[in-house]
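These notes are about the structure you will find just below.
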Amino acid sequence: MMKTVCVTGASGYIASWLVKFLLQRGYAVKACVRDLDNPKKTQHLLALDGAKERLHLIKADLLEQGSFDAVVDGCDGVFHTASPVIFASNDPQAELIDPALKGTLNVLGSCAKTPSVKRVVLTSSMAAVSANGKPRTPEVVLDETWWSDPEFCRQTQQWYMLSKTLAEDAAWNFVKEKGIDMVAINPSMVIGPLLQPTLNTSSAAILNLINGGKTYPNATAGWVNVKDVANAHILAFENPSANGRYCVVESVAHFSEVVKILRELYPNLQLPENLLALNGKEGYIICDFLGKDSLDIQKNKSFDAAPDDEAKVIFEFMEASPTED
């Protein structure tokens, strides 16, 4: 019997690949988008194999209580990916925190009313794991037991990190109270090929390197291919033993290493030569990860190949609107 699942924020970077892979696996997909009349939000989804037969686009508002009741009705699973990804905000409460926190509780509230929902898979982030001010020397290992500290995020004005931390923490409290089966996926910096026709925030990090910039961030981050992240969501839903949080990180690399890879791939490209200094200190460090391995993700491509995949797509639409996840 064909299973029906719901994907919120379906037009986003990770979610678009998730919808594609779900359709490939024979699921019927209810895909939530904010604007059904915006072709940039819908056309790439409608063009997917199986979309004509098994994809249903539905308008839903994260901040409208009860707007997901009809959407999740009859669904076996819910993938909640919708959450703004903005690193610079003039109004973080309205632009980041409210949609992330209230939106998550709104979706979960609808799930709590729907007996057919067997499991919820929440798209969280390493942003909810690593931002806590703890020493980050090379021998330090991050795992699913780490949590970002909301007060530290506020003091350092890391609003995206705060939004993801508050949303995931509230989600765990809610599902424990209501008895909902939930698994959280916490990816690091997600890169790789794009399906949507607009540049998302993490892809813009690569654009900034190949678009004539003079400096690159003095920062180390975890990196992972978008296809692996999408597959991790599906495995988290399908694997009965999946539970808790999963840090989904393939490689850890300084931005200088990313520049080096791009330089080897595109020797004629003007790439930044200098660090963007932050008071002489490294901006942020995410060191080694030791996470649960029960999802058994079969990696798509090595990290070395992901910047190439992404750069090729970015070259095709350098004029696209940035920062839309």
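full-length UniProt numbering numbers the first residue of the sequence shown as 1 and each following residue consecutively.
The C-beta atom is built at its ideal place from N, Cα and C for all residues, glycine as well.
- Contact between the stretch 239-246 and the stretch 204-221 is absent, with fewer than three C-beta pairs closer than 8 Å.
- In the three-state reduction of the DSSP assignment, Phe21 falls in the helix class, which pools H, G and I.
- Segment contact: the stretch 131-145 against the stretch 75-89, fewer than three CB-CB distances shorter than 8 Å; contact not assigned.
- A direct Cα-Cα distance of roughly 42 Å separates Gln270 from Leu55.
- Taking C-alpha positions only, Ala10 is separated from Ala51 by approximately 13 Å.
- In the DSSP annotation of this structure, the continuous segment of the alpha helix (DSSP H) that includes Ala230 starts and ends at Val226 to Glu238.
- Within the same chain, and ignoring the five residues on either side of Lys20 in sequence, the residues whose Cβ sits closer than 6 Å to its Cβ are Leu48.
- Judged by DSSP secondary structure, Thr8 falls within the beta strand (DSSP E) whose first and last residues are Thr4 to Thr8.
- For the pair of segments examined, the stretch 180-197 was found to touch the stretch 120-128: the number of CB pairs separated by less than 8 Å reaches three.
- Look at the beta carbons and you see the stretch 101-108 touching the stretch 169-183: at least three pairs across the two are nearer than 8 Å.
- Of all C-beta pairs linking the stretch 1-10 to the stretch 30-45, three or more are shorter than 8 Å, placing the two stretches in contact.
- For Tyr216, the enclosing beta strand (DSSP E) has its first and last residue at Thr215 to Pro217.
- Across the structure, Phe68 and Leu195 are spaced so that their CA atoms are roughly 25 Å apart.
- Spanning the alpha carbons of Asn231 and Asn225 requires a straight line of approximately 10 Å.
- At the C-beta level, Phe255 and Ala204 stay beyond 7 Å of one another.
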